[in-house]
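Numbers 4 to 871, taken from the numbering used here, label the letters of the sequence shown in order. Beta carbons are placed, not taken as given, at the ideal position from N, Cα and C, and that holds for glycine.
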Amino acid sequence: MGIDITAYRARVGAFCLVLPSLLAQRMKPLSRRGCCCSSFAGRCMLGLLAVTFQAQTIAALLMIGGVEPNPGPDLRPDLSRPSTSHQDDGEALAHSLPEQATRRKTAPDPHELLERALGNWRDTIQIMYPDMDTHMYCVPPVYFNRVPYDRVKVAGQDALKLKQPSPKQDQGGAAGNSKQKQRAPKRSKDAAAAVEEGEDESGLRQAPQEHRASKATAKASGASSPDEPYSMWPRDNQPHVQPENVQDSDLPDDLAQAHVLHCLKALGEEQKEVMFVVSHSKFENYLDKIEDILRQMLEKSEKVIKHLVSDFAPNLLIRKTMVMPSITSHQLLEALDSDQNLTKDICQCLDASDLQSAVEMCLCADHLSDPRTPWEVEQAMPALKSWWQKRMAYRTDPEMSEEVYLELITRFAGPATTVEIHCVVPPRLEVRTEGEAVSEVGERIARLVLTQHQLEIFHQKDPLVCMTGAPGTGKTLMLTLKGLQWLYAGHDVYVVFVDYQSLPAAHLIFHQLQMTLQTDAETSATGKPYLRFLPMDSDEDLEYAIRFLTSAAKDEQLHVILDEAQFTGVEDRSGAHACQLITTLTNRIQNFRIWTSALYHSNVPDCLLELKPLSVAFRCPPVVQRVVAAGVSVAAKQNLMPNYDSLPAPSHGSEFIRLSHGGGGHTGGWPAECFKCGQNLAETLRRLHVGAPAVPAYRDTNSGKIAAPPPLRYRDVLVVTSSAKFHGGCGFVQGLQHERIPLNVIDVDLWDTGGETLQKRLADFAVPKSDCVAVTVSGAVRSMERKVVAHLEGRMKGTDSYEQKYNEMADVFDSFMDFSRCTSQLIIVRKDDNGTDDLSFPASGLWKVLCISGAVALVGIAFYMLKR
Numbered sequence: 004m005g006i007d008i009t010a011y012r013a014r015v016g017a018f019c020l021v022l023p024s025l026l027a028q029r030m031k032p033l034s035r036r037g038c039c040c041s042s043f044a045g046r047c048m049l050g051l052l053a054v055t056f057q058a059q060t061i062a063a064l065l066m067i068g069g070v071e072p073n074p075g076p077d078l079r080p081d082l083s084r085p086s087t088s089h090q091d092d093g094e095a096l097a098h099s100l101p102e103q104a105t106r107r108k109t110a111p112d113p114h115e116l117l118e119r120a121l122g123n124w125r126d127t128i129q130i131m132y133p134d135m136d137t138h139m140y141c142v143p144p145v146y147f148n149r150v151p152y153d154r155v156k157v158a159g160q161d162a163l164k165l166k167q168p169s170p171k172q173d174q175g176g177a178a179g180n181s182k183q184k185q186r187a188p189k190r191s192k193d194a195a196a197a198v199e200e201g202e203d204e205s206g207l208r209q210a211p212q213e214h215r216a217s218k219a220t221a222k223a224s225g226a227s228s229p230d231e232p233y234s235m236w237p238r239d240n241q242p243h244v245q246p247e248n249v250q251d252s253d254l255p256d257d258l259a260q261a262h263v264l265h266c267l268k269a270l271g272e273e274q275k276e277v278m279f280v281v282s283h284s285k286f287e288n289y290l291d292k293i294e295d296i297l298r299q300m301l302e303k304s305e306k307v308i309k310h311l312v313s314d315f316a317p318n319l320l321i322r323k324t325m326v327m328p329s330i331t332s333h334q335l336l337e338a339l340d341s342d343q344n345l346t347k348d349i350c351q352c353l354d355a356s357d358l359q360s361a362v363e364m365c366l367c368a369d370h371l372s373d374p375r376t377p378w379e380v381e382q383a384m385p386a387l388k389s390w391w392q393k394r395m396a397y398r399t400d401p402e403m404s405e406e407v408y409l410e411l412i413t414r415f416a417g418p419a420t421t422v423e424i425h426c427v428v429p430p431r432l433e434v435r436t437e438g439e440a441v442s443e444v445g446e447r448i449a450r451l452v453l454t455q456h457q458l459e460i461f462h463q464k465d466p467l468v469c470m471t472g473a474p475g476t477g478k479t480l481m482l483t484l485k486g487l488q489w490l491y492a493g494h495d496v497y498v499v500f501v502d503y504q505s506l507p508a509a510h511l512i513f514h515q516l517q518m519t520l521q522t523d524a525e526t527s528a529t530g531k532p533y534l535r536f537l538p539m540d541s542d543e544d545l546e547y548a549i550r551f552l553t554s555a556a557k558d559e560q561l562h563v564i565l566d567e568a569q570f571t572g573v574e575d576r577s578g579a580h581a582c583q584l585i586t587t588l589t590n591r592i593q594n595f596r597i598w599t600s601a602l603y604h605s606n607v608p609d610c611l612l613e614l615k616p617l618s619v620a621f622r623c624p625p626v627v628q629r630v631v632a633a634g635v636s637v638a639a640k641q642n643l644m645p646n647y648d649s650l651p652a653p654s655h656g657s658e659f660i661r662l663s664h665g666g667g668g669h670t671g672g673w674p675a676e677c678f679k680c681g682q683n684l685a686e687t688l689r690r691l692h693v694g695a696p697a698v699p700a701y702r703d704t705n706s707g708k709i710a711a712p713p714p715l716r717y718r719d720v721l722v723v724t725s726s727a728k729f730h731g732g733c734g735f736v737q738g739l740q741h742e743r744i745p746l747n748v749i750d751v752d753l754w755d756t757g758g759e760t761l762q763k764r765l766a767d768f769a770v771p772k773s774d775c776v777a778v779t780v781s782g783a784v785r786s787m788e789r790k791v792v793a794h795l796e797g798r799m800k801g802t803d804s805y806e807q808k809y810n811e812m813a814d815v816f817d818s819f820m821d822f823s824r825c826t827s828q829l830i831i832v833r834k835d836d837n838g839t840d841d842l843s844f845p846a847s848g849l850w851k852v853l854c855i856s857g858a859v860a861l862v863g864i865a866f867y868m869l870k871r
């Protein structure tokens with residue numbers, strides 16, 4: 004017997020998005036921090052919209068945030084109570100203060116403790132969100148994916164390999180041929196515990212084991228009784244197998260209720276392989292109980308909110324809403340129209356006069372982006388804005404003021420709340436600010452992740468290997484791992500660079516080899532790494548390089564790493580000499596090993612027969628990948644266009660920031676010449692909290708310390724331009740210096756001069772010793788990666804059509820190279836012929852990107868202030 008899927012989705016979803024997690028919170032309250040906000044299910048977004056971002060914990064949320072029914076310790080100083088009754092509250096509140104407060108043996112006066120805590124929270128919230136009165140903030144600011152990895156050992160290092168998806172199960176054939184097996188849940192005292200204990204890594208509840216029926220059972224009559232097992236899907240949509248006829252007495256109440264919750268959750272997430280194995284009557288009975296619990300939770304949540312704000316805003320307007328991302332408004336209206344009792348309950352809950360008004364107050368699927376591409380929100384923004392205006396912007400709250408607004412932000416979205424993101428290993432991570440999000444995205448992109456193709460290349464025993472491919476495909480990473488493998492085998496490794504463009508990459512590889520050997524106390528490696536500059540500009544340079552490397556061979560063995568080799572043909576003497584060097588060493592040394600990388604696969608020496616093309620670029624987030632792919636016609640002609648869709652990214656990344664050179668106050672023809680462009684970039688870096696101290700950490704005594712991503716440092720920022728007239732005294736550099744941004748400048752003059760000074764600057768650029776923003780030209784950024792990359796358009800217009808066309812093509816190619824160096828936040832400073840100056844983040848201002856995780860929308864609603 005089938006059921007109306009839409010009707011049941013509406014019936015269940017109108018009260019709760021994810022029933023198992025909600026009931027788990029109901030019966031097992033979250034008192035994580037021992038303070039008033041510890042019981043909040045909400046991770047709140049600040050400003051005009053607050054968003055709950057924890058998947059599978061969103062219920063019917065109030066307009067001041069998702070609130071757990073248990074109010075937790077009270078923040079309000081109740082003077083009518085005896086002073087001794089505040090001791091427990093004071094001790095609990097102390098957990099959210101810095102550690103020096105928690106070390107006190109005796110609890111201080113509760114009034115003093117309260118004021119100190121709130122004052123500390125206000126200071127922290129103003130540091131995290133300095134423009135909360137005028138800007139929108141999302142918490143967390145970016146979308147984080149759950150990417151499955153397998154852990155592997157490569158050259159003695161812990162690496163991650165993307166887990167291969169399991170082949171889809173063949174559901175064809177007759178009934179009874181499918182052998183799908185699912186793990187049975189453990190017996191628990193209640194449904195909440197059963198759900199908590201039975202969640203797998205992805206957070207999905209595992210269904211009880213299902214015994215399949217025989218063909219005769221599958222062909223039974225369509226008529227059913229209340230005691231027959233109940234299938235979730237209509238008969239025309241069912242799998243080719245049927246559940247066995249299970250009697251209610253065969254399932255204890257706790258196991259049956261756990262199974263009902265699991266099936267309801269699967270219903271909302273459209274998992275069509277999950278089926279009911281309890282009777283229709285028992286299912287209806289449990290569903291009625293769940294609705295009663297949820298209705299009580301809504302009523303209690305509103306009381307909790309009023310209680311928590313009664314000491315400073317007792318008459319604050321509180322609005323409630325429903326979040327149902329799995330169905331559209333039209334489907335919800337049709338489903339509720341056939342259930343009068345449920346319609347009445349929803350209208351009372353939302354304070355709506357009729358069903359149509361109640362549905363308009365609900366946030367449904369047609370207001371949100373596609374769950375399969377949650378970061379693509381542009382098309383959903385108009386519908387979301389319309390819903391927000393109808394729900395929130397129709398009434399002025401006289402109780403609201405700037406002081407009340409700050410207090411609400413402090414209590415409901417400050418340090419007392421948690422904003423966790425998915426983390427494979429402890430400690431738990433919180434990401435609250437844009438800068439923390441940029442830092443964490445950069446950390447995850449920079450992980451040691453290898454593709455299956457890279458592992459196959461690494462484990463091959465080819466002596467002469469040349470890897471080619473676009474920037475960001477992991478060539479330098481592979482060379483570093485191969486160098487470690489040689490060192491652990493007892494061989495000396497020579498890291499060679501032949502020009503200044505490859506110097507930063509060589510220094511980076513050499514530094515990684517040195518640091519790995521120093522930090523690995525258990526290593527038995529006897530090999531040593533060496534760094535050598537062997538220029539190839541003249542025949543004398545070539546002869547010296549051949550003599551040096553030949554003498555460096557021990558027992559007819561030589562191991563060389565050469566990154567960023569430029570095999571560009573006979574017209575380039577340096578490239579031709581590099582080819583001749585490899586050919587000569589191959590003929591002279593019996594066991595000559597060289598692993599090298601190049602941007603192009605043409606003009607490679609004939610002895611390097613083992614060409615290993617790498618085409619999957621994964622060292623930058625998808626936002627940056629799209630920008631790179633937008634204008635790479637020059638790169639495409641050189642067969643450099645990478646494949647950006649082969650691997651899932653750990654995060655979509657923050658939208659790129661565009662700063663325009665043009666309008667009032669701007670000078671010069673290009674951004675590199677403009678003083679104000681330098682100031683604008685400095686202001687953008689401050690908004691990302693670059694160089695600012697980390698937000699104080701707060702200890703969670705129940706589940707360990709909650710960590711934050713490392714703060715963004717100036718050394719995490721790279722400013723790069725293709726301008727042929729860029730120098731250290733240009734207007735852009737002066738603008739940054741005026742804003743007291745520490746700089747390490749490598750200009751055109753220094754690049755042309757060369758020498759030891761340039762080598763030292765490039766080495767410090769590759770492995771920063773000081774906390775400075777690196778400002779350089781495009782040629783110096785190969786193999787370098789930074790969390791924040793700012794690119795300045797800079798090539799001047801040519802004097803004739805040919806030169807102008809060449810400069811335009813070269814600028815596109817330089818942009819392609821520079822953008823790919825970004826592991827998190829890309830900033831583009833571009834000349835604007837319209838004379839506009841755009842300093843805003845994309846999608847900021849009144850509306851902000853809302854993210855959706857998987858098939859579950861991660862959206863909740865908070866409070867809104869309408870000033871007269």
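Per the coordinates, the alpha-carbon of R535 lies some 20 Å from the alpha-carbon of K772. Spatial neighbours of T127 in its own chain (CB-CB distance under 7 Å, excluding positions within 5 residues in sequence) are listed in chain order as G417, P418, V698, P699. Taking the C-beta atoms as reference points, E363 is found nearer than 8 Å to K393. Taking C-beta atoms under 8 Å as the contact rule, L358 and L371 fail to qualify, at a distance of about 22 Å. Excluding sequence positions up to five before and after Q488, its CB lies within less than 7 Å of the CB of A158, all in the same chain and listed in chain order. Put simply, of E337, P113, K478, L795 the residue whose alpha carbon is nearest the alpha carbon of E788 is K478.
In this model, T760 and H510 are separated by some 15 Å (Cα to Cα).
When DSSP states are grouped into helix, strand and coil, I130 belongs to the helix group. By the Cβ neighbour-count rule, H462 is exposed, with fewer than 16 other Cβ atoms within 10 Å of its own. Under the three-state reduction of DSSP, T779 is assigned to strand. Nearest to G666 by C-alpha distance, out of D835, H494, L458, N123, is D835. Nearest in C-alpha terms to F822, of all of L746, H741, R622, is R622. Rounded to the nearest angstrom, the gap between the Cα atoms of V142 and L366 is 19 Å. Assigned with DSSP and collapsed to three states, Y497 falls in strand.
Taking a cut-off of 8 Å on C-beta distances, the region 453-468 does not touch the region 496-508, as fewer than three cross pairs fall below it. About 23 Å separates the beta carbons of F595 and L617, which is beyond the 8 Å limit, so they are not a contact pair.
At a Cβ-Cβ threshold of 8 Å, S541 and A568 do not count as neighbours.
Your pair V778 and V736 checks out as a contact, with CB atoms roughly 6 Å apart and the cut at 8 Å.
For the options E686, S818, T687, the alpha carbon positioned closest to that of S726 is the one of S818.
Annotation for A316: E402, V407 place their beta carbon closer than 7 Å to its own, counting only its chain and skipping 5 residues before and after. V155 sits exposed, since fewer than 16 C-beta atoms from the chains shown fall within 10 Å of its C-beta. The three-state secondary structure of N590, taken from DSSP, is helix.
Counting along the chain, V142 sits inside no alpha helix (DSSP H), nor does DSSP assign it H or E at all. Just so you know, the alpha carbons of D495 and S657 end up roughly 42 Å apart. Runs of the alpha helix (DSSP H) spanning 4 or more residues and lying entirely within the region 543-579 do not occur at all. The beta-carbon distance between A783 and V722, rounded to whole angstroms, is 12 Å. This is too long to meet the 8 Å contact definition. Separation of the CB atoms of H655 and V626 is rounded to 6 Å, and the pair is thereby assigned contact status at 8 Å. Sequence-distant Cβ neighbours of V441 in its own chain, meaning closer than 7 Å and more than five residues away, are S657, L691, L715, K790, V791, S827, Q828. Using a 10 angstroms sphere on the CB of N318, the tally of other CB atoms stays under 16, which defines it as exposed. DSSP, read as helix, strand or coil, puts D153 in strand. Pairing C426 with A711, the inter-Cα distance amounts to about 11 Å. Judged by DSSP in its simplified three-state form, G472 adopts strand.
F551 sits exposed, since fewer than 16 C-beta atoms from the chains shown fall within 10 Å of its C-beta.
In the DSSP assignment, H514 falls within the alpha helix (DSSP H) that extends over 506-522. Here DSSP, grouped into helix, strand and coil, assigns I330 to coil.
In this structure, the alpha-carbon of P474 lies about 12 Å from that of L480.
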